[in-house]
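Reviewing the structure listed below.
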Amino acid sequence: MKNLLYLPAILLTGLVACGQPKPAQPAEPLGFEEYDPVSTLKVPEHKLTRSKYPFIDVHNHQYQMDNADLSKLIAQMDSLNMGLMVNLSGRGFSSNETESTKFFDNALANVQKSNPKRLALFTNLNFGDVNDKDWTAKAVKTLEDDVKKGARGLKIYKNLGFSVKDDKGKRVRVDDPRLDPIWAKCGELGVPVLIHTADPKSFWDPMDRYNERWLELKLHAGRKRSPNDPVPWEQLIAEQHNVFRKHPKTTFIAAHMGWYPNDLNKLDSLMKVFPNMNVEIGAVIAELGRQPRASRKFFEKYQDRILFGKDSWVPAEYATYFRVLETDDEYFPYHKKYHAFWRMYGMGLPDEVLKKVYYKNALRIIPGLDKGQFPK
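To convert, note that position 306 of the sequence shown is 306 in UniProt numbering; the numbers rise steadily by one, no gaps.
So, in structure tokens, the structure goes:
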């Protein structure tokens, strides 16, 4: 029997037909999820664990900043050469105004006690009572109070445009006129608005073999949206741009490069139209790393309007950002296959551009940050 595998296929067929055991079959072909080849390419590698210059992460979320031991967080920041972190979740997640105010006050006190030079907070809006006739006035007052206490800006989550609804169940648009006094007040106070609208366009596209986000949508089914859920992607983005257009005296930072990191020509046109629009690179380094030449040209052109951001707090993942921004490395892996099944290439940014992205732009755009710990 042990010699069966060496018999001609026609004889094996006959043996099986006569009741003999079927020979072992080859393994099933690998699926897309399992296929993860190790590159045989031999090229120079610069696996960075620390940034070349101290940097400011303008897009981070720390949900226990009200009572956590922040010395541990700062030690992790030190290991990355992160000079300052901006926690965009200044008011936590509670929809109760009293509870969110308590969170903000406690978080601010914890920062002051720990190291106010290394940590900063943005405040947030509570849309729970958006239907109240005096909601706008209260929101503006809360914004003013928080900035007076020490908030360095306003963060708008993507729930605006997605899930915020009025008392009739109607979606509250990103450009709802009830928010106009808030955008205007940010301009008056000189604080930026970091705004996240929508998600990657692929989440609205058919989940088929042509969708680059297929694996992500398979692993995270809740991210998939039908073409009109809650409205087309293009409409959500247009609503955000309406806000930029209507409030030219307010500084906006479009989260995730406004979801155009994969179409830099389009983003270039928007940056021309909206001089008050800045962008941050949180969660989109995979798009930049697959088009290093185009990305470098874009960064050089808009070097005064691009900020460093990461979004999720996973310290080990910063290495990919450093390597894409700083090195000329070729064909290296991204840290999450479901975000990018392709390889990365370094942009090799010039030092002066790198300094602006890492800290100079944030120091100019966000008021009240300590400049002393950064090179001039």
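Quick reminder that beta carbons are idealized off the backbone N, C-alpha and C, glycines included. A quick note: this is a predicted structure, and the numbers were derived from the prediction, not measured.
For Leu307, the residue or residues it bridges with in DSSP: Glu280, per the DSSP bridge assignment.
Residue of Phe374, Pro367, Asn67 minimising C-alpha distance to Gly150: Out of Phe374, Pro367, Asn67, the CA that lies nearest to the CA of Gly150 is found in Pro367.
Backbone CA spacing between Lys168 and Asp132 [nearest angstrom]: 13 Å
Same chain, Cβ closer than 7 Å to Lys249, five either side skipped, listed in chain order: Gly187
Cβ contact check for the segment 315 to 330 and the segment 206 to 214: 3 or more pairs under 8 Å: no
With 16 other Cβ atoms within 10 Å as the buried cut-off, status of Lys155: buried
Residue environment, Leu30, which counts as buried when at least 16 other CB atoms sit within 10 Å: By the C-beta density criterion, Leu30 is exposed, having fewer than 16 other C-beta atoms within 10 angstroms.
Exposure label - His46; buried when at least 16 CB within 10 Å: Around the beta carbon of His46, fewer than 16 other beta carbons lie within 10 angstroms, which makes this residue exposed.
Touching by the beta-carbon criterion (3+ pairs, under 8 Å), the segment 342 to 356 and the segment 76 to 88: No contact exists between the segment 342 to 356 and the segment 76 to 88.
Coarse secondary structure for Pro29, derived from DSSP in three states: coil
Buried versus exposed call for Lys310 [16 or more other C-beta atoms within 10 Å across all chains shown]: buried
Cβ neighbour criterion (16 or more within 10 Å) applied to Phe374: Counting Cβ neighbours within 10 Å, Phe374 comes out buried, since at least 16 surround it.
Bridge partners - Lys155, DSSP secondary structure assignment: Asn124, Leu194
Which residues DSSP lists as bridging residue 381, in chain order: The shown model of the chain, from 1 to 376, leaves out residue 381, and the question about it has no answer.
Close beta carbons around Lys376, own chain, < 6 Å, minus the five adjacent residues each side: none
Cβ separation of Gly83 and Pro54, assumed to be a contact under 8 Å, to the nearest whole Å: Going by Cβ atoms, the distance from Gly83 to Pro54 rounds to 4 Å, so yes, they are a contact pair.
C-alpha distance - Lys336 paired with Leu217, whole-angstrom precision: 13 Å
Distance between Pro333 and Ser343 (C-alpha atoms, nearest Å): According to the sequence as given, residue 343 is Arg; it is not Ser. Roughly 5 Å between the two C-alpha positions.
Supposed contact pair Asn361 and residue 404 - C-beta distance, whole angstroms, cut 8 Å: In this structure the chain extends from 1 to 376, so residue 404 is not present and cannot be described.
Spatial neighbours of Lys185 in its chain, beta-carbon cut-off 8 Å, leaving aside the 5 residues before and after: A distance below 8 Å between beta-carbons, with the five flanking residues on each side excluded, links Lys185 to the following residues of its chain, in chain order: Val140, Leu143, Glu144.
Cβ shell of Asp180 (< 8 Å), same chain only, five flanking positions each side left out: Lys246, His247
Beta-carbon proximity check, Leu125 vs Tyr331, cutoff 7 Å: no
Cα-Cα separation, Phe93 to Ser202: 27 Å
Short Cβ contact (7 Å threshold) for Ala254 with Val279: yes
Minimum C-alpha distance to Leu48 - residue among Arg364, Lys371, Gly346: Gly346
Residue(s) in a DSSP beta bridge with Phe252: Val193, Met277
Other residues of its chain near Arg225: CB distance less than 7 Å, five sequence neighbours each side excluded: Its chain contains Phe203, Trp204 as the residues whose beta carbon lies nearer than 7 Å to that of Arg225, once the 5 sequence neighbours on both sides are disregarded; these appear in chain order.
Which listed residue (Lys72, Ala238, Asp66) has its alpha carbon closest to that of Pro315: Lys72
Completely contained beta strand (DSSP E) runs for the segment 173 to 233, where each covers 3 or more residues: Entirely contained in the segment 173 to 233, the beta strand (DSSP E) runs reaching 3 residues are, in chain order, 193 to 195.
Cross-strand partners of Phe332 (DSSP beta bridge): Met344
Inter-residue Cα distance where the pair is Gln291 and Asp328: 12 Å
Three-state secondary structure assigned by DSSP to Arg290: coil
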